[in-house]
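Enquirer: This is the structure, below, for whatever I ask next.
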Amino acid sequence: MKPTVIALLLFLTRSAWAQAEPALTADEVAGRAAATSFDVRARAEETAAARAAVDRALAAYYPRLSGAARYQRLSEIPTSTIGNLVAAPTAGPGPLPAGTPLVNVPLSFPILLDSYTLSATMQVPLSDYLLRLPQGHAAAKLGRRSAELTEQASQLRVATDARVLYYSWLRARSQVTVAEQALEQARGHLADARHAADAGAASKADVLRVESQVASSELLVERTRNLAQLLEQQLRTAMHDESARSYVPGDSADGDVPAPDALPALWNEAFERRLELRALAAAADAAREQAKIARAGWFPRVDAVGDALYANPNPRILPQQDRFTGSWDLSLQLSWTPSDIPAATADKRGAEARGREIDAQRALAHDGVRIEVMQAHQALQEARVATETTARGLTAAEESYRVRRVLFQNGRATSVELTDAETELTRARLDALAARIDLHIASARLQHAVGRDIARN
307 MKPTVIALLL FLTRSAWAQA EPALTADEVA GRAAATSFDV RARAEETAAA RAAVDRALAA
367 YYPRLSGAAR YQRLSEIPTS TIGNLVAAPT AGPGPLPAGT PLVNVPLSFP ILLDSYTLSA
427 TMQVPLSDYL LRLPQGHAAA KLGRRSAELT EQASQLRVAT DARVLYYSWL RARSQVTVAE
487 QALEQARGHL ADARHAADAG AASKADVLRV ESQVASSELL VERTRNLAQL LEQQLRTAMH
547 DESARSYVPG DSADGDVPAP DALPALWNEA FERRLELRAL AAAADAAREQ AKIARAGWFP
607 RVDAVGDALY ANPNPRILPQ QDRFTGSWDL SLQLSWTPSD IPAATADKRG AEARGREIDA
667 QRALAHDGVR IEVMQAHQAL QEARVATETT ARGLTAAEES YRVRRVLFQN GRATSVELTD
727 AETELTRARL DALAARIDLH IASARLQHAV GRDIARN
């Protein structure tokens with residue numbers, strides 16, 4: 307690059323147009339934007355929900371334990387007897403001796419109207435440990451992985467957009483300085499034109515033409531200042547900075563950018579590193595695991611069930627006794643609901659279709675990444691060429707302006723020729739500046755398109 311271009315860019319990017327702190331770098335802007343982005347925050351909450359789903363899937367492995375406490379009041383009913391028994395209250399077990407007294411005893415059961423029950427049940431889903439729970443846990447983990455990758459991809463996208471915004475703001479600030487330089491040149495030209503008119507070497511039309519150029523330069527200054535202020539506000543909004551302080555660039559547009567690798571190598575690197583593709587792959591695998599869970603509805607369930615009861619009266623004790631008594635039972639339960647098979651089949655087909663849908667989205671994203679890498683690669687190549695061509699153009703424009711100004715001051719060039727030289731010099735300065743900025747923007751976009759910004763962020 308020509309020394310004149312380097313000196314110009316250093317001057318532009320380090321000008322004192324804004325006098326307040328803090329100084330900002332592209333990396334700082336990218337980090338603050340990613341840390342405060344509402345889109346990233348939304349993706350973070352999705353990740354939190356996905357992690358909760360994993361915890362829920364793990365909790366399903368635990369046996370289901372439930373308990374209940376119950377008080378029941380029964381309505382009164384008439385006490386009835388079922389006959390009489392003959393008993394020998396004075397004799398022991400065995401045959402009765404002769405002459406043993408016998409007693410006629412009415413046979414009846416007491417009816418307790420108040421019932422108190424404490425119960426607990428533990429259910430172990432034996433078949434689910436094979437057909438549902440591992441698949442559910444795997445699907446939840448894949449969903450969490452997809453959410454985490456999506457959140458990271460959102461952070462990288464926001465950071466890249468912030469870097470592009472930073473360099474756009476840097477360009478706008480520098481354009482203000484170029485516009486101010488053009489205004490100073492136009493004012494100097496106007497002073498020369500007025501002196502020439504006073505000396506009879508220039509016409510009134512020449513002076514009016516230069517005055518029009520000065521007015522155009524003043525409008526250019528105003529427009530570039532407004533654009534710089536707008537981009538600074540966009541930068542502040544991206545970082546969610548509520549302060550009213552102006553920023554000073556901490557980076558410049560100077561410095562070279564290495565040439566990109568060949569496209570095939572960049573494509574392969576992008577397909578391997580881009581988080582969006584990996585997130586979609588995890589989401590598709592999660593959908594296929596959900597299909598396995600739905601398929602479990604075809605088969606019978608096997609559950610081990612244990613019950614514990616502490617009740618007054620205990621229903622297993624006859625006749626009823628007005629006291630608390632404990633009891634328990636264990637059972638192995640086989641259940642099957644054939645009518646659930648059509649719904650389970652439909653759920654399975656739906657989950658498999660969802661997996662194929664995500665696979666198609668991933669293929670579409672794969673094609674999009676290919677085009678994105680190629681566009682970024684071409685933009686970087688064009689920007690590298692533009693920096694060289696605009697540097698030569700700026701050198702030529704500077705020399706042309708210098709010669710035309712000297713000739714005009716000596717009456718050997720017209721005001722129109724000098725105006726054209728000034729316009730060409732301003733355009734060359736803006737083109738050289740744009741080329742340097744575009745070079746950094748293209749580099750940032752290529753880094754993101756290939757996935758190399760993962761380590762940086």
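Numbering-wise (my numbering), the sequence shown opens with residue 307 and increments by one. Note that the Cβ used here is the ideal one computed from N, Cα and C, for glycine as well.
1. Would Lys447 be called buried (16 or more neighbouring beta carbons within 10 Å of its own) or exposed?
2. Excluding sequence positions up to five away, which residues of its chain have a Cβ less than 6 Å from the Cβ of Val484?
3. Compare the beta carbon distance of Arg758 and Glu517 with 9 Å and say whether it is the shorter of the two.
4. Taking C-beta to C-beta, are Val513 and Arg493 nearer than 9 Å?
5. For Ala359, report the span of its alpha helix (DSSP H) as first-last.
6. Would you call the CB atoms of Arg733 and Ala697 closer than 9 Å?
7. DSSP puts Gly632 in a beta bridge; with which residues?
8. Please state the DSSP three-state secondary structure of Gly674.
9. Contact check, Ala459 vs Ala340 under 8 Å by CB: the rounded distance?
10. For Ala374, does the three-state DSSP call read helix, strand or coil?
11. Let me check one thing: in DSSP terms, what residues is Tyr422 bridge-paired to?
12. Where DSSP assigns a beta bridge to Asp609, which residues make up the other side?
13. What does the alpha-carbon distance come out to for the pair Leu731 and Val520?
14. Would you call the CB atoms of Gln487 and Leu739 closer than 9 Å?
15. So if DSSP puts Asn410 in a beta bridge, which residue, or which two residues, is it bridged to?
16. When you compare the CB positions of Val608 and Arg469, do they come within less than 9 Å of one another, or not?
17. Give the secondary structure of Ala329 by DSSP, where H, G and I count as helix, E and B as strand, and everything else as coil.
18. Rounded to whole angstroms, what's the CA-CA distance from Asp673 to Gln667? Just pull it up for me.
19. For Leu724, which residues in the same chain have their Cβ closer than 7 Å to its Cβ, ignoring the five residues on either side in sequence?
20. Going along the chain, which residues of its own chain have a beta-carbon closer than 6 Å to the beta-carbon of Leu408, five neighbours each way excluded?
21. Which one of Val346, Gly337, Thr427 and Asp345 has the shortest CA to CA distance from Gly373?
22. By the three-class DSSP mapping on this structure, what secondary structure does Val563 have?
23. What are the complete alpha helix (DSSP H) segments, minimum 4 residues, inside the stretch 443–526?
24. Note the first and the last residue of the continuous alpha helix (DSSP H) segment covering Pro369.
25. Tell me the DSSP secondary structure of Pro570 in three-state form.
26. Could you tell me which residues DSSP puts in a beta bridge with Val679?
27. Express the C-alpha separation of Ser522 and Ala505 in angstroms, rounding to a whole number.
28. Do the CB positions of Asp646 and Pro416 come within less than 9 Å of each other?
29. In whole angstroms, what is the alpha-carbon distance linking Ala588 and Arg451?
30. Quick one: grab the DSSP three-state call for Pro555.
31. Return the chain-ordered list of same chain residues with a C-beta closer than 7 Å to the C-beta of Ala748, the five sequence neighbours on each side being excluded.
32. Quick one: residues in its chain with C-beta nearer than 7 Å to the C-beta of Ala363, no 5 flanking neighbours on either side, listed in chain order?
33. Please confirm if the stretch 641–658 is in contact with the stretch 599–618, defined as three or more CB-CB distances below 8 Å between the two stretches.
34. Work out the CA separation of Arg580 and Ala669 for me, nearest whole Å.
35. What's the call for Tyr472, buried or exposed, on a 16-neighbour Cβ count within 10 Å?
36. Alpha helix (DSSP H) containing Thr725: first to last residue?
Expert: Looking at the atomic coordinates:
1. buried
2. Arg735 and Leu736
3. no
4. no
5. Phe344 to Ala365
6. no
7. Tyr616
8. helix
9. Between Ala340 and Ala459 the Cβ distance is about 11 Å, and since that is not below 8 Å, they are no contact.
10. strand
11. Tyr377 and Asn618
12. Pro431 and Gln639
13. 15 Å
14. no
15. Val392
16. no
17. strand
18. 10 Å
19. His495, Arg710, Arg711 and Phe714
20. Val392 and Ala394
21. Thr427
22. coil
23. none
24. That residue, Pro369, is in no alpha helix (DSSP H); it is neither H nor E in DSSP.
25. helix
26. Beta-bridge pairing links Val679 to no other residue.
27. 26 Å
28. no
29. 7 Å
30. strand
31. Ala682, Ala685, Leu686 and Ala689
32. Gly442, His443 and Ala446
33. yes
34. 13 Å
35. buried
36. Ser721 to Val756
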